[in-house]
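**Student:** First the structure, which I've put down as structure tokens, then a few questions once you've had a look.
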Amino acid sequence: MMNAIIPAAGLGTRFLPATRAVPKEMLPIGARPALDIIVDEARAAGAEKTVIVISRAKELIRRYFEDAPDVAFAYQEEQRGLGHAVLQAAEAAGGGEPGRTLVLLGDALVAGCNASSLLAETSAANGGASAVLLEHVPRERISRYGIAAPRGAVPPGPGPLRIDGIVEKPSPEEAPSDLAVAGRYLLDNAIFGFLATQAPGLKGEIQLTDAIRRMAAGRPLYGYVSPGRRLDIGNPDGYFEALCAFREAAAKGE
Ligand code: G1P
Numbered sequence: 011m012m013n014a015i016i017p018a019a020g021l022g023t024r025f026l027p028a029t030r031a032v033p034k035e036m037l038p039i040g041a042r043p044a045l046d047i048i049v050d051e052a053r054a055a056g057a058e059k060t061v062i063v064i065s066r067a068k069e070l071i072r073r074y075f076e077d078a079p080d081v082a083f084a085y086q087e088e089q090r091g092l093g094h095a096v097l098q099a100a101e102a103a104g105g106g107e108p109g110r111t112l113v114l115l116g117d118a119l120v121a122g123c124n125a126s127s128l129l130a131e132t133s134a135a136n137g138g139a140s141a142v143l144l145e146h147v148p149r150e151r152i153s154r155y156g157i158a159a160p161r162g163a164v165p166p167g168p169g170p171l172r173i174d175g176i177v178e179k180p181s182p183e184e185a186p187s188d189l190a191v192a193g194r195y196l197l198d199n200a201i202f203g204f205l206a207t208q209a210p211g212l213k214g215e216i217q218l219t220d221a222i223r224r225m226a227a228g229r230p231l232y233g234y235v236s237p238g239r240r241l242d243i244g245n246p247d248g249y250f251e252a253l254c255a256f257r258e259a260a261a262k263g264e
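FYI, the numbering for the sequence shown is 11 to 264, going by my numbering.
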């Protein structure tokens with residue numbers, strides 16, 4: 011069984027004052043809120059149920075999905091990191107049962123492909139292993155992302171590869187590659203056990219990256235170098251880029 015979790019409880023400080031009126035995840039991409047596009051991505055990849063993690067200040071999101079029978083909610087009351095947000099949805103997402111869970115960041119869109127479907131295919135082709143979406147990033151942006159440690163050669167173009175682990179926001183000197191985790195994860199449900207015992211890491215937060223690295227010590231982990239483009243709608247520049255990318259895709263009939 012596969013369910014999905016979409017963390018969407020962040021404060022939206024990079025997009026003030028707009029986020030005082032509307033959560034960044036609900037900004038329109040054409041006629042649809044970004045989060046609506048992300049929920050559909052999870053459905054198309056085979057998620058039976060999607061749990062959106064929100065805060066009390068973001069009830070608007072709950073109202074928008076009121077009539078969707080396959081969408082549920084969990085609350086993150088304190089900002090304690092991405093891993094902590096995902097953990098709040100564990101019960102609602104059936105994390106105690108064997109299976110896999112898609113994690114889709116609510117402020118990241120991927121134009122040009124269904125990234126979650128690519129992860130689902132990679133996992134299925136490798137005995138149900140965990141897989142994360144990756145993107146090459148320039149050296150000066152390495153320290154903003156989780157960076158993967160590839161096992162062996164990196165494919166020249168998009169495609170799957172085996173990875174040994176991920177490091178959260180390393181310096182370019184310490185980074186094991188230029189492959190950044192790009193907002194989409196398909197994780198074995200064992201991740202919830204690792205998250206429950208995860209000590210705070212960078213910035214004193216419970217990092218999803220740290221729990222994935224611990225899980226990868228005993229279970230296979232794959233990456234998929236994205237054929238699409240990750241768009242960060244959490245800030246005005248990224249949002250404008252997303253609007254342009256989706257308009258281009260619509261014009262091409264994608
Ligand atoms: C989070 C993750 C990071 C990942 C990034 C983009 O960072 O911690 O590993 O590369 O999302 O998917 P954040 O953007 O929340 O700082």
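Quick reminder that beta carbons are idealized off the backbone N, C-alpha and C, glycines included.
(1) Out of Q98, V81, Y195, which has the shortest C-alpha to C-alpha gap to L129?
(2) Mapping DSSP to helix, strand and coil, what is Y249?
(3) Between A55, D46, S65, which has its C-alpha nearest D77's C-alpha?
(4) Our contact map puts L197 next to S126 with C-beta atoms below 8 Å; I'd like the distance itself, whole angstroms only.
(5) Just confirm the distance between the C-beta atoms of G244 and R24, as a whole number of angstroms; I'd bet it's less than 8 Å.
(6) According to the Cβ coordinates, are V61 and A18 closer than 8 Å?
(7) Are the CB atoms of A44 and A259 nearer to each other than 8 Å?
(8) Have a look at K68, G22, G263, A82 and flag the residue whose alpha-carbon is nearest the alpha-carbon of N13.
(9) Tell me the rounded alpha-carbon separation between G268 and A227.
(10) Ordered along the chain, which non-local residues of its own chain (more than five positions away) have a Cβ less than 8 Å from that of E58?
(11) May I ask whether a heavy atom of ligand 2 can be found less than 7 Å away from the beta carbon of E178?
(12) The beta strand (DSSP E) spanning V49 covers which residue range?
(13) Counting only the same chain and skipping the five closest in sequence on each side, list residues whose C-beta sits under 7 Å from that of P182.
(14) Which residue or residues does DSSP assign as beta-bridge partners of P38?
(15) Please name the residue, chosen from K262, I201, F250, that lies closest to L97 on a Cα-to-Cα basis.
(16) Buried or exposed: E8, going by 16 or more other Cβ atoms within 10 Å of its Cβ?
(17) Scan the stretch 134-182 and note each continuous beta strand (DSSP E) run of 3 residues or more that stays entirely inside, going in chain order.
(18) Using only the heavy atoms of ligand 1, determine whether one of them is closer than 7 Å to the beta carbon of L197.
(19) Do you know whose CA, among F250, G233, K262, lies nearest A135's CA?
(20) With a threshold of 16 other CB atoms inside 10 Å of the CB of T132, please say whether the residue is buried or exposed.
(21) Is it the case that the Cβ atoms of E51 and L114 are separated by a distance below 8 Å?
(22) Applying the criterion that 16 or more other CB atoms from any shown protein chain within 10 Å of the CB defines a buried residue, is P4 buried or exposed?
(23) According to the Cβ coordinates, are A158 and I176 closer than 8 Å?
(24) Nearest to C123 by alpha carbon, out of Y249, F250, L92, R240?
(25) Could you check if L115 belongs to the surroundings of ligand 1, using beta carbon to heavy atom distance under 7 Å?
(26) Considering only residues of the same chain and omitting the five flanking positions on each side of G162, which have a CB-CB separation below 8 Å?
(27) By the DSSP assignment, the alpha helix (DSSP H) with G105 in it spans what residues?
**Tutor:** A quick look at the data gives this:
(1) Counting from 1 along the sequence shown, the entry for residue 129 is found at position 119. That would be Y195, whose Cα lies nearest to the Cα of L129.
(2) Locating residue 249 in the sequence shown gives position 239, counting from the first residue. In this structure, Y249 counts as helix in the three-state DSSP scheme.
(3) Position 67 of the sequence shown, counting from 1, holds the residue named residue 77. Residue nearest to D77 within the set A55, D46, S65 is D46 (criterion: CA-CA distance).
(4) Against the sequence shown, residue 197 aligns to sequence position 187. Against the sequence shown, residue 126 aligns to sequence position 116. The pair is not a contact, with the Cβ atoms about 12 Å apart (cut-off 8 Å).
(5) By one-based count along the sequence shown, residue 244 stands at place 234. By one-based count along the sequence shown, residue 24 stands at place 14. So it is a contact: roughly 5 Å between Cβ atoms.
(6) Numbered from 1 along the sequence shown, position 51 holds the residue referred to as residue 61. Numbered from 1 along the sequence shown, position 8 holds the residue referred to as residue 18. Not closer than 8 Å, so no.
(7) Counted from its first residue, the sequence shown places residue 44 at position 34. Counted from its first residue, the sequence shown places residue 259 at position 249. No, these two residues do not count as a Cβ contact at 8 Å.
(8) Taking the first residue of the sequence shown as position 1, residue 13 is located at position 3. Nearest neighbour of N13 by Cα position, chosen from K68, G22, G263, A82, turns out to be A82.
(9) Residue 268 is absent from the structure shown; the chain starts at 11 and stops at 264.
(10) Locating residue 58 in the sequence shown gives position 48, counting from the first residue. Same-chain partners within the cutoff: M11, M12, N13, D80.
(11) Ligand 2 is not part of this structure, which contains only ligand 1.
(12) Along the sequence shown, read from residue 1 onward, the residue named residue 49 stands at position 39. Here V49 belongs to no beta strand (DSSP E); instead the alpha helix (DSSP H) covers 44-54.
(13) The sequence position of residue 182 within the sequence shown is 172, counting from 1. By the criterion of a C-beta distance shorter than 7 Å, P182 is surrounded in its chain by R149, I152, S153, once the five residues flanking it on both sides are discounted.
(14) Here residue 38 corresponds to residue number 28 of the sequence shown, with the count starting at 1. For P38, which the question treats as bridged, DSSP gives the partners P43.
(15) Here residue 97 refers to the residue found at position 87 when the sequence shown is read from its first residue. For the residues K262, I201, F250, the minimum Cα distance to L97 belongs to I201.
(16) Any answer about residue 8 is impossible in this case: the structure gives the chain only from 11 up to 264.
(17) 140-146, 156-160, 169-178, all fully within the stretch 134-182.
(18) If you number the sequence shown from 1, residue 197 lands on position 187. Because no heavy atom of ligand 1 lies under 7 Å away, the Cβ of L197 does not count as near it: no.
(19) Counting from one through the sequence shown, the residue named residue 135 turns up at place 125. For the residues F250, G233, K262, the minimum Cα distance to A135 belongs to G233.
(20) Locating residue 132 in the sequence shown gives position 122, where the first residue counts as 1. So T132 counts as buried.
(21) Start at 1 with the first residue of the sequence shown, and residue 51 comes out as number 41. Start at 1 with the first residue of the sequence shown, and residue 114 comes out as number 104. Cβ distance < 8 Å, so E51 and L114 count as in contact.
(22) Since the first residue of the chain shown is 11 and the last is 264, residue 4 is not available in this structure.
(23) The residue you call residue 158 lines up with position 148 of the sequence shown. The residue you call residue 176 lines up with position 166 of the sequence shown. In this structure, A158 sits near I176, with a CB-CB distance shorter than 8 Å.
(24) For this step, residue 123 is matched to residue 113 along the sequence shown. Per the C-alpha coordinates, the member of Y249, F250, L92, R240 positioned closest to C123 is R240.
(25) Looking up residue 115 in the sequence shown gives position 105. The answer is yes for L115.
(26) Walking along the sequence shown from the start, residue 162 turns up at place 152. If we look at G162 and ignore the five residues flanking it on each side, its Cβ neighbours are L171, R172.
(27) The residue given as residue 105 occupies position 95 in the sequence shown. G105 -> no alpha helix (DSSP H), and no H or E assigned at all.
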